[in-house]
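Student: If you want the numbering used here, it's the position in the sequence shown, counting the first as 1, plus 1486.
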Amino acid sequence: MKLRRKTLLIIGVTFLSLFLVVYATSQIILLKSFSELEEQNTRQNVERATNAFQDEIETLKTLSIDWAAWDDTYRFVEDSNEDYIQSNLQDKAIVALKLNLMLYVNSSDQVMYGKYYNYKEGYRTDAPAGMQEYLTESTLLNHTEPTSYIAGIIILPEGPMLVASRPIVTSYETGPIRGTLIMGRYLDADEVGQLEEITRLSIRVSQLNGLDAPSDVEEAKLVLSNETPVYVHTINETTIAGYTLMGDIFGRPALVMRVDTPRSIYQQGQSTIRYLLLYLVTAGVVIEVVMMFLLETTVLSRLTRLSFSVKDIGTQGDLTTRVNTAGDDEISSLGNSINDMLSILESAQNDQVETNERYRRLVELSPDGITVVIEGKLAFINTAGAMLLGASNSEQLLGSSMANFVDPDSIARIEEKFRQMEKDESSIQKMEMTLFRLDTNSFEAEIAAAPLTYQGKSAIQVIFRDVTERKKIDRLKEEFFASVTHELKTPITSMLSFAESVRTNKVGPISENQREVMEYIVQDAVRLRQIVDRILTFSKVDVGIKMHMSDVDIEALIDKALSSFALSAKDKQITLLKRIPEKLPLTYGDLDRLTDVLNNLIGNAIKFTGPQGSITVEAVSRGNDILILVSDTGIGISKEDLSKIFSKFYQVDPSKTGVIGGSGLGLYICKKIVEAHNGLIWVNSTLGKGTTFYFTLPKKNGGK
């Protein structure tokens, strides 16, 4: 993607992101504020409607006070005189009072006179079916003070009714109380409509336990409580409703009132947000056009010229050419940096030519054979390598298969080494094998191989040298050491046998002092024999260990080593432990040599661990290797000695350990054996707390 398009895209994405952020922010903050205002307005409307209902109840209560605290009513409830009825309780009086019910009850809770009337249609009606229940419970008749009253809502089968109950007393509101006056008016659609006209609100009233209540009322019933007196619910995009409970004269929730409010506040908020976003889009487009114009004139055109200059230099391959660096800003600094880089590349190119020439001469003059193998064939070989393989020049061998020069028994091994190098590009493989010349004569070769890239392809670089003469000398040294060791071990064995016979009274009785002396002789003879064995092993290590490779089971190897030290550990009261948490794969190695390594490490641990101590041998899988640990709770090794512990002939000062050391070759031999298996060995120790030796062995076939 070109820089212009990328810049345009970045600016566009930036403004789009800003647009989205503003939109989200306005939705979350601004629109939320409008929603809160809308909800607050709805709650206020619910409160207005509730107050209007309370005003209606208060009006009814005031009316009942006027009629109940009146001497005429006081006498009427006592004597039921007809004059009172004719003067005050005619139908037109009930219509004027807008009452559906008017009851006079004496102090014995008996209805002295009752009037049931539909004041809207102008006819008398039967007594409401559920009215007697309220009279029987004496709720409306329970007055103990001349000024007491009961006003509120009752639920009748015919519908909810506003009622007011007042004790009948004298005009001076004095007793004794002679009865109760009850007035009632149905809370029907017309009554609610009048409240709507008064409040300019849309009001609906539903019975709390009504069977035909709308779904939104049912939802409100679940939410409304003393803690939540008002519930606000959005009906649609144009209407929001507020709900509240209205209690009856018992204080129990009886009705649900819904007040609908137009969503003018919310719609105004949405309109405000739309105008804001339109402004942002317009401003963004204008700013983007201006920014692109400024970028084009001050940055992009100059970068384009700089890009063309660099491309021309790359096409021509002339590193002596330089780009134009006019100006005094970052782009001119970039041009100067490019020119500096061209100077460095020019110098590096010259150095590379010289280095390649030096490397070519080094390869050609090297006495070792150097070759590059690609897919099993020789892609390059120096003159020395060609001569070692019996050719007169390098060209004679190019394209030849590597297998033509390798001992057939070693082909599988070298292919395995090559595969390992392909998996691990940092690995270097060393090996020894027999190579064949063109005339079929053979020679012993030491080989080092490493992966590299040659002419753009994955390849293996192989360096080999003729070690036939060195091998002959090594074999002579090995034979010499074997002969010398044999000559030393024979008298030592005889001396040890004779001393043991004397010590055990096989040649006659001896005194305790003599037996003690003979025990020292036996111990020193055993130690001398061990030193001779170590020297023999050391000579083999220095000459080159000849491995007898086979599959090795690590757990079986550990079991064998631990069993061989069981008695000596028991004599010192040392606990031997084994920890192998999982089934381990096989390794490929020399069983006898690996046994020597474990025996040496466990033997040292027993030597330097006191009574009641413990020695733990552990093996775990780690990547392509098996990690083996030998830990003890012995005296530990100082930091000064740790760095030299694997050195040839090095021994820790006996004055530090209190233990007479050996030949100083054991750990050196362990290191050589582990490294001969392509493993690593190291140690961690804290003086006075114990020592842990670690060594790794490769899994057979990488653990597959």
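Beta carbons are placed, not taken as given, at the ideal position from N, Cα and C, and that holds for glycine.
Exposed or buried, L1831, counting other C-beta atoms within 10 Å across all chains shown (16 or more means buried)?
Tutor: Per the 10 Å Cβ criterion, exposed.
Student: Give me the Cα-Cα distance between L1924 and L1805, rounded to the nearest whole angstrom.
Tutor: Rounded to whole angstroms, L1924 to L1805 spans 47 angstroms at the Cα level.
Student: Helix, strand or coil for K1606 per DSSP?
Tutor: Three-state DSSP puts K1606 in coil, outside helix and strand.
Student: Could you tell me which of S1594, K1601, N1592 sits nearest to Q1572, measuring between CA atoms?
Tutor: Here the closest residue by C-alpha is K1601.
Student: How far does the alpha helix (DSSP H) with M1647 in it extend, from its first residue to its last?
Tutor: Run containing M1647: none in the alpha helix (DSSP H); it sits in the beta strand (DSSP E), 1645 to 1654.
Student: Could you tell me which of K2064, T2073, E2126 sits nearest to T2182, measuring between CA atoms?
Tutor: Per the Cα distances, T2073.
Student: When the Cα atoms are used, what is the spatial distance from N1695 to L1741?
Tutor: Distance between the alpha carbons of N1695 and L1741 is about 8 angstroms.
Student: Per DSSP, I1944 forms a beta bridge with which residues?
Tutor: Residue identity differs from the one stated: residue 1944 is Ser in this sequence, not Ile. T1939, per the DSSP bridge assignment.
Student: Leaving out five residues before and five after K2186 in sequence, what residues of the same chain have Cβ atoms less than 8 angstroms from its Cβ?
Tutor: The answer, listed in chain order, is D2037, P2071, L2072, T2073, Y2074.
Student: What residue range does the beta strand (DSSP E) around Q1540 cover?
Tutor: Premise fails: Q1540 lies in the alpha helix (DSSP H), 1517 to 1554, not in any beta strand (DSSP E).
Student: What's the call for P1700, buried or exposed, on a 16-neighbour Cβ count within 10 Å?
Tutor: That one is exposed.
Student: Taking the continuous alpha helix (DSSP H) assigned at F1904, which residues delimit it?
Tutor: Start and end: 1897 to 1909.
Student: Contact check, K1903 vs A1935 under 8 angstroms by CB: the rounded distance?
Tutor: About 7 angstroms separates the two Cβ atoms, so the contact holds.
Student: Measure the CB-CB distance between T1545 and I1726 and report whether it falls below 7 angstroms.
Tutor: No, they are not a contact pair.
Student: Can you tell me which of the three DSSP states N1999 falls into?
Tutor: DSSP places N1999 in helix when its eight states are reduced to three.
Student: Does the segment 1773 to 1780 come within contact of the segment 1554 to 1568, defined as at least 3 CB pairs closer than 8 angstroms?
Tutor: Judged by Cβ distances under 8 angstroms, the segment 1773 to 1780 makes no contact with the segment 1554 to 1568, as fewer than three pairs qualify.
Student: Nearest to L2048 by CA position, among K2134, E2068, E2002, S2100, is which residue?
Tutor: The option with the nearest alpha carbon to L2048 is S2100.
Student: Can you tell me whether G1679 is buried or exposed, with buried defined as 16 or more other CB within 10 angstroms of its CB?
Tutor: Exposed, because fewer than 16 other Cβ atoms sit within 10 Å of the Cβ of G1679.
Student: Smallest Cα separation from T1869: which of I1860, E1861, L1851?
Tutor: Ranking I1860, E1861, L1851 by Cα distance to T1869 puts L1851 first.
Student: By DSSP, does L1710 sit in helix, in strand, or in coil?
Tutor: In the structure shown, L1710 sits in coil (DSSP, three-state: anything other than H, G, I, E or B).
Student: Would you check if the segment 1716 to 1725 and the segment 1490 to 1498 touch, i.e. whether three or more CB-CB distances between them fall below 8 angstroms?
Tutor: Judged by Cβ distances under 8 angstroms, the segment 1490 to 1498 makes no contact with the segment 1716 to 1725, as fewer than three pairs qualify.
Student: I'd like the span of the alpha helix (DSSP H) that includes Y1729, first residue to last.
Tutor: Where Y1729 is concerned, there is no enclosing alpha helix (DSSP H), although the beta strand (DSSP E) it sits in stretches over 1725 to 1733.
Student: Report the rounded CA-to-CA distance for V1849 versus G1855, giving the unit in angstroms.
Tutor: Going from the Cα of V1849 to the Cα of G1855 covers about 9 angstroms.
Student: Just reading off the beta strand (DSSP E) that E2126 is part of, what are its end residues?
Tutor: Looking at the DSSP string, E2126 is not in any beta strand (DSSP E); the run it does join, the alpha helix (DSSP H), is 2125 to 2128.
Student: Considering only the alpha carbon of each residue, which of P1653, A1877, V1948, M1873 lies closest to E1901?
Tutor: Per the Cα distances, V1948.
Student: Which one or two residues does DSSP pair with E1623 in a beta bridge?
Tutor: None, per the DSSP bridge assignment.
Student: Measuring straight from C-alpha to C-alpha, what distance separates A1650 and L1708?
Tutor: Cα to Cα, the separation comes out at about 30 angstroms.
Student: Between G2191 and the rest of its own chain, which residues show a CB-CB distance below 6 angstroms, the 5 nearest in sequence each way excluded?
Tutor: Beyond the ends of the chain as shown, which are 1487 and 2190, falls residue 2191; an answer cannot be given.
Student: Tell me, which residues are paired with G1665 by DSSP?
Tutor: DSSP output for G1665 lists N1592, I1654 as bridge partner(s).
Student: Please report how far the alpha carbon of T1768 lies from the alpha carbon of S1521, in whole angstroms.
Tutor: If I take the Cα positions, the gap works out to 27 angstroms.
Student: With burial defined as no fewer than 16 other Cβ atoms inside 10 Å of the residue's Cβ, what is the status of Q1915: buried or exposed?
Tutor: Classification for Q1915: buried.
Student: Which ranges does the alpha helix (DSSP H) cover as unbroken runs of at least 4 residues, wholly within the segment 1783 to 1836, from first to last along the chain?
Tutor: With a minimum length of 4 residues, the continuous alpha helix (DSSP H) runs that stay inside the segment 1783 to 1836 are 1787 to 1802.
Student: Quick check on DSSP: helix, strand or coil for L2166?
Tutor: Residue state, collapsed to three classes: coil.
Student: Where do the N-terminal and C-terminal ends of the beta strand (DSSP E) with S2100 fall, by residue?
Tutor: Where S2100 is concerned, the enclosing beta strand (DSSP E) stretches over 2100 to 2108.
Student: Considering only DSSP beta bridges, list what E1932 is partnered with.
Tutor: E1932 is bridged to E1918, R1951.
Student: Between A2091, K2069, A2162, Q2098, which has its C-alpha nearest S2171's C-alpha?
Tutor: Checking every option, the nearest Cα to that of S2171 belongs to A2091.
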